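Following the numbering used here, the numbering of the sequence shown begins with 1185 at its first residue and continues without gaps. By construction, the Cβ of each residue, glycine as well, lies at the ideal position given by its N, Cα and C atoms. All figures in this text were calculated on a predicted structure; none of them were measured in a lab. In what follows, a single structure is set out as structure tokens and then discussed.
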Amino acid sequence: MALLSAFFVAWNETICLRAAEEISKFQRWRGRLWGAGLRTCEAAGCRTADAAAEPVCPGAGLARRRTRPGSTYAATMRTPSRVLQGLVGLKLWPLFMVCLCSFVQAQSSKDSSRLYETLLSDYNKLVRPVYNNTDTLVVYFKLKLSQLLDVHEKNQIMTTNVWLHHTWRDQKLTWDPEEYGGVKQLYVPVDLIWLPDIVLYNNADGNYQVSIMHKAKLNFDGTVEWSPPAIYKSMCQIDVEWFPLDVQTCEMKFGSWTYGGFEVDLKHRDEHLQREDQIVVQGIDGEYNETVWVVDQGIDLSDYYPSVEWDILSVPAKRHEKRYPCCESPFIDLTYEIHLRRKTLFYTVNLMIPCVGISALTALVFYLPSDGGEKISLCISVLISLTVFFLLLVEIIPSTSLVIPLIGKYLLFTMVLVTLSVIVTVITLNVHYRQPSTHKMSRFMRWFFIDLLPYYLFMRRPSQIYENTTPPQEFSPLAMQLVPSGVNSSRKSTRPSLYSRPSILLENSDHLQVHRPSDTYPALINRVGSVQEQKTPMISAVESVSFIADHFRKEEEDQQVIEDWKYVSVVMDRIFLILFTLGCLAGTVHIIFRAPTIWSDQQAIA
């Protein structure tokens, strides 16, 4: 500081010498101008009214003022105002102002230097600046939040850019401004004076104190104001229950690391706005009394740069004064709470909406036809997509086992739905591909899935294309005798065959010349016997046609059974489509819309 003052004094002397040289040059130039003016006036024959009057010619006036040193004008030219006018005329007034300011500053620097040396000559920065050892030093502390840099959910760390406003009274740094040229303020390096050891208790990176030590403002009454900037990483317990529609409360706890409440009393700068609460807390070390003072607007947000991820809801400050049975001195700390609400647009677009879409695909599996063969593929694809979202969620949220986050609950619910859809799809596909040779439909299943449920599900089965309207006929002894021997013995069938119709042999048969029923019975028997003995080609054709008709009728019945099984699977798909759709909607509403932030109307303050 002494070297700096000496530099200003030398610089001031140099400027003043330069100004004196310029003024001397001006005076010499003015003398030459006056002589030239006098000669010009005499040559022109200028007239004056009397000896004391001002001449008309400026040159003559200058000459007379020069020749009359006792006149009033000659006296006024020696005044500072006239000199200043001359400097202005020669455009030397900036140099004059610099010289004047330098002179004043040099004088002030001398006073500040003398004050600086007087205050810090015998100052001990290791001792509390109080007159009596029993006096309590009050430190007023306030936090000014400049920017919320990051809230790392996985590591549970909040990074902030803050200013720390300290104010205290140093009784050893007082002076009378009149004795030091009216100097009322002085800026001193903080490494030369006593500083309160206010640290961040819940620090997360090991930097408990301020690292940038700039100057402090010192007033003549001993008041010291120090506002250093700092970037803190503080521990913040993240509550992931409603993530990503969550509200977090992060704390920054400040206090003196060395001194107790009787040595250093830490108070909020706006203590006139605080309210008091008295509580009794049962802690780990036993029961202790705690007095809490609360300031609703505890953090200064005047220069806050808004965050793109978080909204600030409130910033209360709480002063805790704890008294333990073991100690007389109270333990004081200032805790600043920052209530944050996450801006949900990013996570809604990139996380919530895709999850809801995947959940909707779970219900659409049952709308896909079973004949396509893509139902299982769709289920597996949805399951894989949910697995990817689970991996993404694990990278974001902290590894806690206390609670499942909201998005985790929804993903788990969707995964359960997808798993059930895979199981149900396997069952419906099994029903869809059943055959009459392996499964027989029971009467209850036919009544429940074919007759009852389609009516309530607004389903209508298309009419059958092929319907067997021919009623079954009974076999008469006469018709059985008309059938060639070996036909009934080689194939037993309960279905009606062409041989059950005697009209084939008894009607329209001119070749056999079969008589009408009016013929006598013995004659008819003889005629039939003769027919069986002849084995004509007509009988072989009748047997072939009967076999083909029976085969087609059997295939038609089997196809009807297959269509019944397929219809049962369609009814099951319709039932599960409705159930899964309702379940998906109910689960979405129950899980997502329970978040408090959806129904909260609290406005953000920053």
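| Item | Value |
| --- | --- |
| For the alpha helix (DSSP H) containing Pro1721, name the first residue and the last one. | Pro1721 to Ile1776 |
| The alpha helix (DSSP H) spanning Gly1390 covers which residue range? | It is not in any alpha helix (DSSP H) - Gly1390 carries neither H nor E in the DSSP assignment. |
| Look at the Cβ atom of Lys1309, then the Cβ atom of Leu1376, and state whether they are nearer than 8 Å. | yes |
| Just to confirm before moving on: does the CB-CB distance between His1336 and Arg1453 stay below 8 Å? | no |
| Let me check understanding here. Comparing Cα to Cα, which of His1504, Thr1442 and Glu1435 lies closest to Pro1380? | Thr1442 |
| Going by alpha carbons, who is nearest to Gln1393 out of Phe1438, Thr1519, Thr1475 and Thr1433? | Phe1438 |
| Looking only at its own chain, which residues have a Cβ that is under 7 Å from the Cβ of Lys1527, when we skip the five neighbours before and after it? | Glu1493, Trp1494 and Asp1495 |
| Judging by CA-CA distance, which residue of Phe1632, Leu1595 and Leu1327 is the nearest neighbour of Lys1383? | A small correction: the amino acid at residue 1383 is Val; Lys does not occupy that position in the sequence shown. Closest option to Val1383, Cα to Cα, is Leu1327. |
| Name, in chain order, the residues that DSSP records as bridge partners for Tyr1416. | Thr1344 |
| Just curious, the beta strand (DSSP E) that Met1436 is in, first and last residue? | Val1431 to Ser1440 |
| In its own chain, which residues sit with a C-beta less than 8 Å from the C-beta of Arg1630, not counting the 5 before and 5 after it? | Asp1748 |
| DSSP state of Lys1624, grouped into three classes? | coil |
| In the DSSP assignment, what residue or residues form a beta bridge with Tyr1371? | Lys1401 |
| Are Leu1450 and Phe1597 close, meaning C-beta to C-beta below 8 Å? | no |
| With 16 as the cutoff for other CB atoms within 10 Å, does Phe1642 come out buried or exposed? | exposed |
| So what's Ile1591 in DSSP terms, helix, strand or just coil? | helix |
| Closer than 8 Å is the cut-off here; do at least three beta carbon pairs connect the stretch 1524 to 1538 with the stretch 1420 to 1437? | yes |
| Report buried or exposed for Met1342, applying the criterion of at least 16 other Cβ atoms within 10 angstroms of its Cβ. | buried |
| What is the residue span of the alpha helix (DSSP H) that Trp1359 lies within? | Neither: Trp1359 is in no alpha helix (DSSP H) and is coded neither H nor E. |
| How would you label Lys1502, buried or exposed, when you count the other beta carbons within 10 angstroms and need 16 or more for buried? | buried |
| May I ask you to report which of helix, strand or coil DSSP gives Ile1568? | helix |
| Starting from Val1322, trace the beta strand (DSSP E) both ways and give me its first and last residue. | Leu1321 to His1336 |
| Within the continuous alpha helix (DSSP H) that includes Asp1783, where are the two ends? | The sequence shown places Trp at residue 1783, rather than the Asp named in the question. Per DSSP, Trp1783 belongs to the alpha helix (DSSP H) from Pro1780 to Trp1783. |
| Measuring CB to CB, does Gln1458 end up less than 8 Å from Val1479? | yes |
| I need the DSSP call for Lys1506, collapsed to helix, strand or coil. | strand |
| Measuring only the C-alpha atoms, how far is Ser1513 from Val1773? | 54 Å |
| Determine, using beta-carbon pairs with one atom in the stretch 1615 to 1632 and one in the stretch 1587 to 1603, whether at least three such pairs fall under 8 Å. | no |
| Could you please give me the residues that DSSP links to His1452 through a beta bridge? | Phe1325 |
| Within 10 angstroms of the Cβ of Pro1553, are there 16 or more other Cβ atoms? Answer buried if so, exposed if not. | exposed |
| Would Ile1581 pass as a contact of Phe1427 if the rule is Cβ separation under 8 Å? | yes |
| Within the same chain, show all residues whose beta-carbon is closer than 7 Å to that of Arg1675, passing over the 5 residues directly before and after it, in chain order. | Its pLDDT being 40, under 50, Arg1675 is placed unreliably in this model, and the value from its coordinates should be taken loosely. Excluding positions up to five away in sequence, the list is empty. |
| Could you compute how far the alpha carbon of Leu1586 sits from the alpha carbon of Asn1403? | 53 Å |
| For Thr1302, does the count of other Cβ atoms within 10 angstroms reach 16, so buried, or fall short, so exposed? | exposed |
| Using the three-state DSSP reduction, which class does Leu1518 fall into: helix, strand or coil? | strand |
| Please classify Cys1510 as buried or exposed, where buried requires at least 16 neighbouring CB atoms within 10 angstroms. | exposed |
| Quick one: residues in its chain with C-beta nearer than 7 Å to the C-beta of Val1549, no 5 flanking neighbours on either side, listed in chain order? | Lys1559, Leu1562, Cys1563, Ser1605 and Thr1609 |
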